[in-house]
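Here's the structure we're looking at; comments come further down.
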Amino acid sequence: MYCCKASNRRIQIRRTFIAALVLSSTLLATGCATQSIRQGQDLSSSGVAYTDAVDKLLDVTTDRVINFDSAELIKTRRGSDLKKMITEKNAALQSVMVEIGRFRAQTRRLKTYFVNLQALADSPVKDDAGGAVKSLSDSFSKLNKALGKTDGKEKLSEEQKTQIGGLGELVAHTIHGANVKRALERDAEIIGTYLALQENQLGNIVDMLDDRVQNDNDLFLNEKVIAPYVAKDKPLGDSWSKDRREWAKTQCVSQQLKTAQEAAKQLRGVWADILEGKTDINSLSILISDVSEFVTSVQALEAANGAK
Amino acid sequence: MTAVDNELNQQTRDSLRVVRRKLYTIPEPELSAMSLDDQVKYGDSLHQNGLAILMLEAAKLKGVNDQFKEKEQELSAAAAKLESDAVAFTDAVKMIRVISDGIKLVTNIVTLLR
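Protein sequences, first through last, are from chains B and R.
Taking our numbering, I'd label the letters of the first sequence as residues 56 to 363.
Taking our numbering, I'd label the letters of the second sequence as residues 1071 to 1184.
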């Protein structure tokens, strides 16, 4: 698809730009101390941007799931017991919304963690104990237990567990500031576990969104493109060509969604990079960029559908 | 929840989604031309199918559901059967009748999630 290629090109250009930006920031930095502060700031601002992007993704998912469900209720209005049907659907939809809401709350807590880590990195006090970060870290520990039963790792794959087990060692060889280093040493496994659980949940969310987008595309193709075309006895309306073009363009969204889903799998790798104090943390920027790109496309699609 | 559970849950949802997409391919004029009884079956089937998908998604998001775990294999098999039946039929009326019968199996099991 031509639009997908154009979109991929845009992503490549953006990635190159981000990489260049990170590289120039690094080159401009002088000495270990300055570099550590820069890393802390990059890490925190990227973490905040990531959680903001996920928040937008949840907004889009919520809207799409509700709109799709309402459209389906209209189609099922031929059923035998309409009151029962809408009551059942309302309850089921509410269950999904409750779970999305819980996931959103967890993501926002992660954002608060990064904001506090930023404050710790910026702190002029050398031995700042980072009380706020510690408090959040404890709260993540409790949350991980709630999500994954005992130590929060039961729901993770063996590969995820192995990687999380090695996170603590990564911090020992880094050049983070002492206060940031202390916080990262303490939180490595906790945040790593949390990110792995979040990666799994993000996969579920994206899967739901993918399903609704594909269904909407199919419905649009059948009702606005194929049905009018095969009805020989009726003339094609003025909007037929426009509708067909619209359908062809939206095929990009599914591809972008797959990219966003792949990007979500990089989360743990990004956290490991951060712990190692790698100056190149642009992988998180790419992740944010991919998620944001997808969200923008879905929002545009919603707007286009709404205008019809 | 183990990796196998997740896989079964995914397979079940995928099967039900195939059924839904199949039901969506029937154009409105063709539906309206069917008998009232078949139209009711269409509405009920699409509703039960969509309801099952939502409930499975909620259960997946919640992560832990022991009742679901016990019945997962059975549900997965029922959904797979339904999918193969739906794909096998190209005649819209026959398809609706088969799905209408098959969806009852899925509904009975998914009801346990309530």
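Note that beta-carbon positions come from the ideal geometry of N, C-alpha and C, so glycine has one too.
Please read all numbers here as calculations on a predicted model, not as lab measurements.
For the alpha helix (DSSP H) containing R:Asp1114, name the first residue and the last one. Locating residue 1114 of chain R in the second sequence gives position 44, where the first residue counts as 1. R:Asp1114 -> alpha helix (DSSP H) spans 1106 to 1132.
What three-state label does DSSP hand B:Gln90 in the structure shown? For this step, residue 90 of chain B is matched to residue 35 along the first sequence. Caution applies to B:Gln90, whose pLDDT of 45 falls short of 50 and renders its modelled position unreliable; the model cannot decide the point.
With distances taken from CA atoms, which of B:Met263, B:Leu291, B:Lys287 is nearest B:Asp118? To locate residue 118 of chain B, count along the first sequence from 1; it is residue 63. With distances taken between Cα atoms, B:Asp118 lies closest to B:Met263.
Where does B:Ser125 fall in DSSP's three states? Position 70 of the first sequence holds residue 125 of chain B. Three-state DSSP puts B:Ser125 in a helix.
Taking 9 Å as the threshold (beta carbon to beta carbon), is B:Ile121 in contact with chain R? Numbered from 1 along the first sequence, position 66 holds the residue referred to as residue 121 of chain B. Output row for B:Ile121: interface = no.
Closest residue to B:Glu301 among B:Ala160, B:Phe275, B:Val153 (Cα-Cα distance): Against the first sequence, residue 301 of chain B aligns to sequence position 246. For B:Glu301, the nearest C-alpha among the options comes from B:Phe275.
Where do the N-terminal and C-terminal ends of the alpha helix (DSSP H) with B:Pro283 fall, by residue? On the first sequence, residue 283 of chain B is found 228 positions in, with the first residue counted as 1. Element bounds for B:Pro283: 282 to 285.
Start-to-end residues for the alpha helix (DSSP H) that takes in R:Glu1098: The residue given as residue 1098 of chain R occupies position 28 in the second sequence. Note, R:Glu1098: alpha helix (DSSP H), 1098 to 1102.
Compare the C-alpha of B:Val280 against each of B:Arg299, B:Asp273, B:Leu291, B:Gln269 and name the closest. Start at 1 with the first residue of the first sequence, and residue 280 of chain B comes out as number 225. With distances taken between Cα atoms, B:Val280 lies closest to B:Arg299.
Between B:Lys138 and chain R, is any beta-carbon pair separated by less than 9 Å? In the first sequence, counting from the first residue as 1, residue 138 of chain B sits at position 83. Not closer than 9 Å to any Cβ of chain R, the Cβ of B:Lys138 fails to qualify, so no.
What do you get for R:Ser1115, buried or exposed, if any count of 16 or more other CB atoms within 10 angstroms of its CB means buried? If you number the second sequence from 1, residue 1115 of chain R lands on position 45. Buried is the call here.
Is the beta carbon of R:Arg1167 less than 9 Å from the beta carbon of R:Lys1130? Within the second sequence, residue 1167 of chain R is the residue found at index 97, counting from 1. Within the second sequence, residue 1130 of chain R is the residue found at index 60, counting from 1. Contact flag unset, no.
Reducing DSSP to helix, strand and coil, say where B:Asp136 ends up. Taking the first sequence and counting its residues from 1, the one referred to as residue 136 of chain B is at position 81. Reduced to three states, the DSSP call for B:Asp136 is coil.
Determine, for B:Leu112, whether the minimum Cβ-Cβ distance to residues of chain R falls below 9 Å. As a first step, residue 112 of chain B must be located in the first sequence, where it is residue number 57. False, the Cβ-Cβ gap to chain R never drops below 9 Å.
Does the segment 119 to 129 of chain B come close enough to the segment 1099 to 1110 of chain R that 3 or more CB-CB pairs lie under 8 Å? no
Could you check whether the Cβ of B:Gly134 sits closer than 9 Å to any Cβ belonging to chain R? Here residue 134 of chain B is taken as the residue at index 79 of the first sequence, counted from 1. So yes, B:Gly134 belongs to the interface.
Using a Cβ cut-off of 9 Å (strictly closer), state whether B:Gln161 contacts chain A. Given the protein chain composition of this structure (B and R), no chain A is represented.
Around the C-beta of R:Leu1124, are 16 or more other C-beta atoms found within 10 angstroms, so that it is buried, or is it exposed? The count along the second sequence starts at 1 and reaches residue 1124 of chain R at position 54. Looking at its Cβ environment, which holds 16 or more other Cβ atoms inside 10 Å, R:Leu1124 is buried.
Using the beta-carbon of each residue, which ones in chain R are nearer than 8 Å to B:Asp273? The residue labelled residue 273 of chain B in the question sits at position 218 within the first sequence. Chain R residues near B:Asp273: Arg1091, Tyr1094, Thr1095.
Neighbour-count burial assignment, B:Leu250, 16 or more Cβ in a 10 Å radius: As a position in the first sequence, residue 250 of chain B is number 195, starting the count at 1. When all chains shown are included, B:Leu250 counts as buried.
Beta carbon of R:Tyr1094, beta carbon of B:Lys130: below 9 Å? On the second sequence, residue 1094 of chain R is found 24 positions in, with the first residue counted as 1. On the first sequence, residue 130 of chain B is found 75 positions in, with the first residue counted as 1. Their beta carbons are under 9 Å apart, which means R:Tyr1094 touches B:Lys130 by this criterion.
The segment 289 to 307 of chain B: positions lying closer than 7 Å to chain R by Cβ: none
Do B:Leu112 and B:Val261 count as a contact pair if the criterion is CB distance below 9 Å? Taking the first sequence and counting its residues from 1, one reaches residue 261 of chain B at position 206. Taking the first sequence and counting its residues from 1, one reaches residue 112 of chain B at position 57. In this structure, B:Leu112 lies closer than 9 Å to B:Val261 by Cβ.
R:Leu1086 - DSSP class collapsed to helix/strand/coil: Counted from its first residue, the second sequence places residue 1086 of chain R at position 16. Helix at R:Leu1086.
I need the DSSP call for B:Gly207, collapsed to helix, strand or coil. Numbered from its first residue, the first sequence carries residue 207 of chain B at position 152. Low per-residue confidence applies at B:Gly207: pLDDT is 47, beneath 50, and the placement is therefore not dependable enough to give any value.
Ignore the nearest five residues each way along the sequence and tell me which others in B:Arg159's own chain have a CB closer than 7 Å to its CB. In the first sequence, the residue the question calls residue 159 of chain B occupies position 104. Only Asp110, Leu113 meet the Cβ criterion.
Mapping the DSSP letters down to three states, classify B:Thr167 as helix, strand or coil. Here the question's residue 167 of chain B lines up with position 112 in the first sequence. Of the three classes helix, strand and coil, the one that applies to B:Thr167 here is helix, per DSSP.
Should R:Ala1162 and B:Glu154 be called a contact, given that it needs their Cβ atoms to be closer than 9 Å? For the purposes of this step, residue 1162 of chain R is taken as residue 92 along the second sequence, with counting starting at 1. For the purposes of this step, residue 154 of chain B is taken as residue 99 along the first sequence, with counting starting at 1. Result no, Cβ atoms of R:Ala1162 and B:Glu154 do not sit closer than 9 Å.
Could you work out which residues of chain R lie near B:Lys287, taking near to mean beta carbons separated by less than 9 Å? Residue 287 of chain B sits at position 232 when you count from the first residue of the first sequence. By Cβ distance, chain R contributes nothing, its closest Cβ being about 13 Å from B:Lys287, past 9 Å.
Step through the CB atoms of chain B and report whether any lies within less than 9 Å of the CB of R:Gly1172. Translated into the one-based positions of the second sequence, residue 1172 of chain R becomes position 102. It does not: the Cβ of R:Gly1172 has no partner Cβ on chain B nearer than 9 Å.
Quick one: is B:Asp370 near chain R, going by C-beta distance under 9 Å? Outside the displayed span of chain B (56 to 363) sits residue 370 of chain B, for which this structure offers no information.
Could you give the DSSP three-state label for B:Gly292: helix, strand or coil? What you label residue 292 of chain B is simply residue 237 of the first sequence in a count that begins at 1. Residue state, collapsed to three classes: coil.
Report the rounded CA-to-CA distance for R:Ser1170 versus B:Val103, giving the unit in angstroms. In the second sequence, the residue the question calls residue 1170 of chain R occupies position 100. In the first sequence, the residue the question calls residue 103 of chain B occupies position 48. Those two C-alpha atoms are separated by around 48 Å.
Name the chain R residues that come within less than 8 Å of B:Lys166, Cβ to Cβ? In the first sequence, the residue the question calls residue 166 of chain B occupies position 111. By Cβ distance, chain R contributes nothing, its closest Cβ being about 20 Å from B:Lys166, past 8 Å.
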